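Sequence order for the protein chains is C and V.
Sequential numbering of the first sequence, starting at 1, is according to the working numbering.
Sequential numbering of the second sequence, starting at 490, is according to the working numbering.
Positions of the beta carbon are idealized from the N, C-alpha and C atoms, including for glycine.
As the structure is a computational prediction, the values presented were derived from the model and not from experiment.
Below is one structure, written out as structure tokens; comments come after it.
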Amino acid sequence: MSWQDLVVIGPLVGAVVVAVLVLLVDLVRPGRTVPVVIVSVGGLAALAALVAATGAVPASAFGGAYSVDALTTYLDLLFVAIAALTIVFAPDYLAPRGLPLGEFATMLLFAMTGAMLIAASTDLLLLFLGLELMVLPGYMLAGYHKTDGFSAEGAIKYFLLGSFSSAIFLFGLAFVWGLTGTTRVAEVADALTRLPNGISAGLGMGLAFMTTGVAFKIAAVPFHYWTPDAYQGSPTPVTGYLSVGPKIGAFALVLRLFVETLGPLSEWWLPVMVVLAALTMTLGNLVALTEDNVKRMLAYSSIAHTGYMLVGLVAYAADPTGRVDGLSALLFYGAAYSFMNLGAFAVIAALQKRAGVTSSLSTFAGLGRREPILAILMTLFLLSLTGIPPTAGFFAKASVILAAIEAGGPATILAVIAMLNAAAAAFYYLRVVVYMFMREPADQQPVLKHGALLWGGLAVTSVLTILLGLFPSALLEMAGTAAGTLLPH
Amino acid sequence: MNLANSLDSYLVLSGLLFAIGTFGFLARRNAISMLMSVELMLNAVNLAIVAFGSFIEGLKADGPIIALMVMAVAAAEATVGLSIVIAIFRNRKTPLVDEYDAMSR
Numbered sequence: 001m002s003w004q005d006l007v008v009i010g011p012l013v014g015a016v017v018v019a020v021l022v023l024l025v026d027l028v029r030p031g032r033t034v035p036v037v038i039v040s041v042g043g044l045a046a047l048a049a050l051v052a053a054t055g056a057v058p059a060s061a062f063g064g065a066y067s068v069d070a071l072t073t074y075l076d077l078l079f080v081a082i083a084a085l086t087i088v089f090a091p092d093y094l095a096p097r098g099l100p101l102g103e104f105a106t107m108l109l110f111a112m113t114g115a116m117l118i119a120a121s122t123d124l125l126l127l128f129l130g131l132e133l134m135v136l137p138g139y140m141l142a143g144y145h146k147t148d149g150f151s152a153e154g155a156i157k158y159f160l161l162g163s164f165s166s167a168i169f170l171f172g173l174a175f176v177w178g179l180t181g182t183t184r185v186a187e188v189a190d191a192l193t194r195l196p197n198g199i200s201a202g203l204g205m206g207l208a209f210m211t212t213g214v215a216f217k218i219a220a221v222p223f224h225y226w227t228p229d230a231y232q233g234s235p236t237p238v239t240g241y242l243s244v245g246p247k248i249g250a251f252a253l254v255l256r257l258f259v260e261t262l263g264p265l266s267e268w269w270l271p272v273m274v275v276l277a278a279l280t281m282t283l284g285n286l287v288a289l290t291e292d293n294v295k296r297m298l299a300y301s302s303i304a305h306t307g308y309m310l311v312g313l314v315a316y317a318a319d320p321t322g323r324v325d326g327l328s329a330l331l332f333y334g335a336a337y338s339f340m341n342l343g344a345f346a347v348i349a350a351l352q353k354r355a356g357v358t359s360s361l362s363t364f365a366g367l368g369r370r371e372p373i374l375a376i377l378m379t380l381f382l383l384s385l386t387g388i389p390p391t392a393g394f395f396a397k398a399s400v401i402l403a404a405i406e407a408g409g410p411a412t413i414l415a416v417i418a419m420l421n422a423a424a425a426a427f428y429y430l431r432v433v434v435y436m437f438m439r440e441p442a443d444q445q446p447v448l449k450h451g452a453l454l455w456g457g458l459a460v461t462s463v464l465t466i467l468l469g470l471f472p473s474a475l476l477e478m479a480g481t482a483a484g485t486l487l488p489h
Numbered sequence: 490m491n492l493a494n495s496l497d498s499y500l501v502l503s504g505l506l507f508a509i510g511t512f513g514f515l516a517r518r519n520a521i522s523m524l525m526s527v528e529l530m531l532n533a534v535n536l537a538i539v540a541f542g543s544f545i546e547g548l549k550a551d552g553p554i555i556a557l558m559v560m561a562v563a564a565a566e567a568t569v570g571l572s573i574v575i576a577i578f579r580n581r582k583t584p585l586v587d588e589y590d591a592m593s594r
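Pasting the structure below:
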């Protein structure tokens, strides 16, 4: 390891340092919220500056296993924003339940480190290590309210299926490594283009196992069974994080794996992805229609959004001219989805400030009169999730679907399915709006006082949700540059 | 396929172990047994990695290192898993996953 290597992995080291600092602060001042928030959010701001500064120049370290490029920078900044927003939203939910913020923030920061490692890995083994570092703290966060039966139940289901899928992914990785002779992403891609007798049975099996493992992680149908229970059971701020952080992290893995490593085989995996995307969108939306619990409904909606993002991947693979529109649409979708979904979960967490309040639809009855600002913000996030202009969600969906139509072939069919799904999804998102503004609550509920942190976080997510809809070009340009680095040079 | 002291024989054994682990995960209803099944799957992976490493000349150096990394990850996963199992056992007084159905009722 040389000095240059250390400089290149600077952001990753910085993330670990911030996590350890938070732990130390919690050790000195146990159970206090304010010092933890100051150190973690301040540390994340410094980290974002470091990422932006070091990401300007592409570099690689450790013999090409770790590389920093525009994609790494884009994803790192997104992960940092997700972690900071989650920490800001958490105290209002955790404090009334007697749950400490210190360990929560530390776990979250370690999970973020794992996601950042995925974004920078150009080696299959490092991708796996990043994946594990991202999901292991996730299991712990899901079970963070350990005396609560739901939280523990969500955690065990998340853990069992998560570790099962990790084992499947790793089995595939072992065969791909053994039969291509390398774990470096570029060298595997190179080996796959020079196969004398086509894909052997062992290599095909390895690739199929890796695909299955990844499909579990992004919660694509039919590998989504863990999602509803894990999301519903987890403490609400954790659900918000789980629905965006590990999902974007897993999509980073998808980009590194399917585009960069398996790019030469795109005609092989294209049909698989078309079927996965169609099933994921449709089933996610259909089941969400029947759910009366808003957290569970948003869990199925997050499955549906996985499907929309996969449309972007299909659009890239189906495009005969090799344009990256689909990938940049996917990356833009990831950012837009993160902000609007975190905002929606923050509103649910705010309503659950009073311990014992469930996330069922009836909680939202009469919210428009009781707490008008929260109700308006929730409406904004739900409209954005539906995809109504001028919000970020509209532009994200439009760019994915446009890329699919331009690509032609099987992607056109997916574009049609995506549009039909978006129309169906409006029904369940808007049902919450109807409850908030047109239903009377069954019993009188007190008006809650929310912390300044929560309002600040909501302001950031709502402003971003609107700004990304009105002026998407700046972020779209970043996403385009990031997607461009994935193509073979 | 030559099964006498060849790479294929070890890969077949690894595949069998992995299949047994998968079957155990899907068929057993006890959370601890499911955890053990996942560990068996990870050990099958390790067997495949070590076999590739010792039979293919170019992979001799990498094999043991990757196997050690996999063991470290498996240990971390088991630690987290067991603590989650303990947490839910204290809640429900049962290790049977069939009875963890409070949310779907």
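Within chain C, partners of residue i - CB distance below 8 Å
| i | result |
| --- | --- |
| Tyr589/V | Glu153, Ile156, Lys157 |
| Ala520/V | Ile156, Leu160 |
| Ala533/V | Phe171 |
Terminal residues of the alpha helix (DSSP H) in which residue i lies
| i | result |
| --- | --- |
| Val39/C | 34-54 |
| Asp325/C | 325-351 |
| Glu546/V | First-last for Glu546/V: undefined, no H or E at that position. |
| Pro237/C | 236-254 |
| Gly451/C | Neither: Gly451/C is in no alpha helix (DSSP H) and is coded neither H nor E. |
| Ala424/C | 410-438 |
| Val400/C | 392-407 |
| Ser473/C | 473-484 |
| Ala442/C | Counting along the chain, Ala442/C falls outside any alpha helix (DSSP H), and DSSP gives it neither H nor E. |
| Glu379/C | For the sequence presented, residue 379/C should be read as Thr rather than Glu. Counting along the chain, the alpha helix (DSSP H) containing Thr379/C begins and ends at 372-386. |
| Asn26/C | Note that residue 26/C is Asp in the sequence shown here, rather than Asn. Unbroken alpha helix (DSSP H) run through Asp26/C: 10-28. |
| Lys319/C | The amino acid occupying residue 319/C in the given sequence is Asp; Lys does not appear at that position. Run containing Asp319/C: none; DSSP gives neither H nor E here. |
| Leu257/C | Note, Leu257/C: premise wrong, no alpha helix (DSSP H); not H, not E. |
| Leu94/C | 91-94 |
Cβ distance (whole Å) where residue i is taken to contact residue j below 8 Å
| i | j | result |
| --- | --- | --- |
| Gly172/C | Leu207/C | 7 Å |
| Leu75/C | Ala119/C | 4 Å |
| Leu141/C | Tyr241/C | 7 Å |
| Leu253/C | Leu117/C | Between Leu117/C and Leu253/C the Cβ distance is about 10 Å, and since that is not below 8 Å, they are no contact. |
| Leu331/C | Ala479/C | 4 Å |
| Leu161/C | Phe216/C | 7 Å |
| Val51/C | Val80/C | 7 Å |
| Pro91/C | Leu453/C | 6 Å |
| Ala407/C | Asp319/C | 4 Å |
| Gly343/C | Thr461/C | 4 Å |
Bridge partner(s) assigned by DSSP for residue i
| i | result |
| --- | --- |
| Ala59/C | Val68/C |
| Asn519/V | Leu585/V |
| Asp123/C | Arg184/C |
| Ser360/C | Asn293/C |
Chain-ordered chain C contacts of residue i [CB-CB under 7 Å]
| i | result |
| --- | --- |
| Asn580/V | Gly149, Ala152 |
| Leu585/V | Within 7 Å Cβ-Cβ: nothing; Leu585/V doesn't reach chain C, min ~11 Å. |
| Thr577/V | Looking at the sequence itself, residue 577/V is Ile, so the reference to Thr does not match. Here the neighbours are Ala152, Glu153, Ile156. |
| Ala460/V | Missing from the structure shown is residue 460/V; chain V here goes from 490 to 594 and no further. |
Partners in chain V for residue i, counting only beta-carbon separations shorter than 7 Å
| i | result |
| --- | --- |
| Phe164/C | Phe514, Val527 |
| Gly233/C | Met592 |
| Ala355/C | Correct list: empty, because the minimum Cβ distance to chain V is about 17 Å. |
| Leu361/C | The contacting residues do not exist; Leu361/C stays about 16 Å from chain V at best. |
| Leu125/C | Ile555, Met558 |
| Glu291/C | Within chain V, no residue comes near Glu291/C; the closest Cβ sits about 11 Å away, beyond 7 Å. |
| Leu146/C | According to the sequence as given, residue 146/C is Lys; it is not Leu. Residues of chain V passing the Cβ test: Ala576. |
Contacts that residue i makes with chain C (C-beta to C-beta distance below 9 Å)
| i | result |
| --- | --- |
| Val501/V | Under the 9 Å cutoff, chain C gives no residues; its nearest Cβ is about 11 Å from Val501/V. |
| Met560/V | Correct list: empty, because the minimum Cβ distance to chain C is about 12 Å. |
Proximal chain V residues relative to residue i, where beta-carbon distance stays under 9 Å
| i | result |
| --- | --- |
| Met140/C | Val569, Ser572, Ile573 |
| Phe175/C | Leu500, Ala537, Phe541 |
| Glu132/C | Val562, Ala565, Glu566 |
Contact set between residue i and chain V, taken where Cβ atoms lie within less than 8 Å
| i | result |
| --- | --- |
| Phe223/C | By Cβ distance, chain V contributes nothing, its closest Cβ being about 14 Å from Phe223/C, past 8 Å. |
| Gly181/C | Ile545, Gly547, Leu548 |
| Ala415/C | Those do not exist, as Ala415/C stays about 34 Å from chain V at its closest Cβ, beyond 8 Å. |
| Leu129/C | Met558, Val562 |
| Leu136/C | Ala565, Glu566, Val569 |
Practice task
Mind listing, in chain order, the continuous beta strand (DSSP E) runs of no fewer than 3 residues lying wholly within the region 181-228 of chain C?
Solution key: Whole beta strand (DSSP E) segments, 3+ residues: zero.
Exercise for the section: With a floor of 3 residues, list each beta strand (DSSP E) that falls wholly inside the region 99-146 of chain C, ordered by position along the chain. Expected result: For the region 99-146 of chain C, not a single whole beta strand (DSSP E) run of length 3 or above is found.
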